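In full-length UniProt numbering, the protein residues as written are 1 to 288.
Don't be surprised by glycine CBs; every beta carbon is placed ideally from N, CA and C.
Bear in mind that the values here come from a model prediction, so they are computed numbers and not experimental data.
Worksheet: one structure, shown below.
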């Protein structure tokens, strides 16, 4: 049974008064379930970052209610919000926001003292995250020596260190090239599925659309479902991403069947467990 991890009811944020009033977010309702990756897209200035800031308890709404993992955050006193954010929410930003004087592992552990498991529990989780994100050899490196992709992976590990049920990502691929951006997208996709997090991502990047469970459109402060355009697609048997068969560059044949993949990473995973992924593919339906 699915569980709603993040919910907003009649959420609004207005700036100014009278004729100068701007309704950045207007009467938004939203539910995100455990294991979901949901995108919020929309034109610049449509209120996406404002909405994300409210959902992350960084900005107070003008009206409405936000519930995170069963907690109504409007009932939480200001002094306790920092602890709530550290325990319940992991943030991933476009600008990485790493502390330059700290090593990769020190940056990852920075929010740990506020987590429910404390520093001791976080250190046990650290090795697991470093290995999963391919950062073991870079754990002692300073941010100035890391590539853009490595910095974003450090930021993702930092967001995950306290095992939060919600991950909020604001343009996480905005400063990355195509290859590194795809890598980050797949990491967030896997996190939602494997860790049971609710991942909400604000983005302008159309590459992310193929791995999202849902796409929402925010414009003029109003949020609505955005239905996919009509296309003919094939499904990557590993990640479930829709791939254009005619333009795909990564493919293989297995038991006389042609299979198409979004990346070499997914191809490698398939080659390690082909029967497993073929069985999973039969359960999937190509989106309209």
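Terminal residues of the alpha helix (DSSP H) in which residue i lies
| i | result |
| --- | --- |
| residue 159 | 148–160 |
| residue 120 | 118–132 |
| residue 109 | 104–109 |
| residue 271 | 264–272 |
Collapsed DSSP secondary structure at residue i in the structure displayed
| i | result |
| --- | --- |
| residue 18 | helix |
| residue 182 | helix |
| residue 88 | helix |
| residue 234 | strand |
| residue 208 | helix |
| residue 138 | helix |
| residue 72 | strand |
| residue 275 | helix |
| residue 83 | helix |
| residue 242 | strand |
Reference residue i; option with closest CA among the options
| i | options | result |
| --- | --- | --- |
| residue 133 | 47, 140, 71, 150 | 150 |
| residue 213 | 64, 111, 240 | 240 |
| residue 103 | 155, 76, 35, 17 | 155 |
| residue 276 | 216, 143, 41, 254 | 254 |
| residue 35 | 270, 6, 130 | 6 |
| residue 291 | 140, 192, 266, 144 | No statement about residue 291 is possible, as the shown extent of the chain runs from 1 to 288 and does not include it. |
| residue 191 | 206, 167, 205, 78 | 167 |
| residue 73 | 79, 83, 62, 57 | 57 |
| residue 22 | 125, 203, 145, 219 | 219 |
| residue 8 | 173, 262, 172, 51 | 51 |
| residue 106 | 12, 274, 136, 188 | 136 |
| residue 128 | 210, 109, 141, 114 | 109 |
| residue 80 | 234, 114, 45, 152 | 114 |
| residue 189 | 55, 169, 121 | 169 |
Enclosing beta strand (DSSP E) for residue i [first to last residue]
| i | result |
| --- | --- |
| residue 169 | 166–170 |
| residue 261 | 257–261 |
| residue 219 | 214–219 |
| residue 253 | 250–254 |
| residue 112 | Careful: residue 112 lies outside any beta strand (DSSP E) and carries neither H nor E. |
| residue 226 | Looking at the DSSP string, residue 226 is not in any beta strand (DSSP E), and its letter there is neither H nor E. |
| residue 200 | 198–202 |
Proximity test, residue i beta-carbon vs the ligand FAD heavy atom, cut-off 7 Å
| i | result |
| --- | --- |
| residue 30 | With respect to small molecules bound, the structure shown includes none, and the ligand FAD cannot be examined in it. |
Below-8 Å beta-carbon distance, residue i vs any chain D residue
| i | result |
| --- | --- |
| residue 164 | Included in the structure is just one protein chain, with no chain D present. |
> Where in the stretch 2–67 do unbroken runs of the beta strand (DSSP E), each at least 3 residues long, occur, reported from the N-terminal end onward?
Replying inline: Unbroken beta strand (DSSP E) runs of no fewer than 3 residues, entirely contained in the stretch 2–67, are found at 4–15, 22–33, 37–41, following chain order.
>> Counting beta carbon pairs with one atom in the stretch 35–55 and one in the stretch 195–208, are three or more of them shorter than 8 Å?
In response: Yes, the stretch 195–208 is in contact with the stretch 35–55.
>> With three or more beta-carbon pairs closer than 8 Å as the criterion, would you say the stretch 60–73 touches the stretch 94–102?
In response: Touching, no, given that fewer than three Cβ pairs across the two stretches are closer than 8 Å.
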